[in-house]
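Numbering (my numbering), first residue to last: 66 to 148.
Here's what the structure looks like:
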């Protein structure tokens with residue numbers, strides 16, 4: 066995939082899972098184990114960001130790993146406005 070430079074989940078799929086934390090962790094794990102390209106993710110809750118960073122640190126060999134590599138390009142929390 067020479068011309069693909071990053072992988073991203075452009076939105077948080079909240080309608081398909083009642084356990085949004087599990088969905089966000091699984092999406093992050095799938096992204097990091099499925100590519101060596103840069104990763105961008107959207108998560109459902111800002112509280113999910115730190116556990117995902119810890120997951121990436123573990124995958125990359127230790128604390129602070131996520132900040133030492135260009136693998137991780139974007140992680141954002143999506144707060145949905147519901148009526």
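Quick reminder that beta carbons are idealized off the backbone N, C-alpha and C, glycines included. Please read these numbers as outputs of a predicted model, since none were measured by experiment.
Below 8 Å on the Cβ atoms is my contact criterion, and I expect residue 131 with residue 118 to pass it. Report the Cβ-Cβ distance as a whole number of Å.
That pair is a contact at about 5 Å.
Subject >> Beta-carbon gap between residue 89 and residue 113 smaller than 8 Å >> reply: yes
Practice prompt. Alpha carbon to alpha carbon, how far is residue 127 from residue 148? Give it in angstroms, no decimals.
Written response: Interpretation of residue 148 is limited by its pLDDT of 48, a score under 50 that renders its predicted location unreliable; the figure taken from the coordinates is listed afterwards. C-alpha separation (whole angstroms): 42 Å.
TODO: Provide the residue span of the beta strand (DSSP E) that contains residue 106, from first to last.
DONE: 103-108
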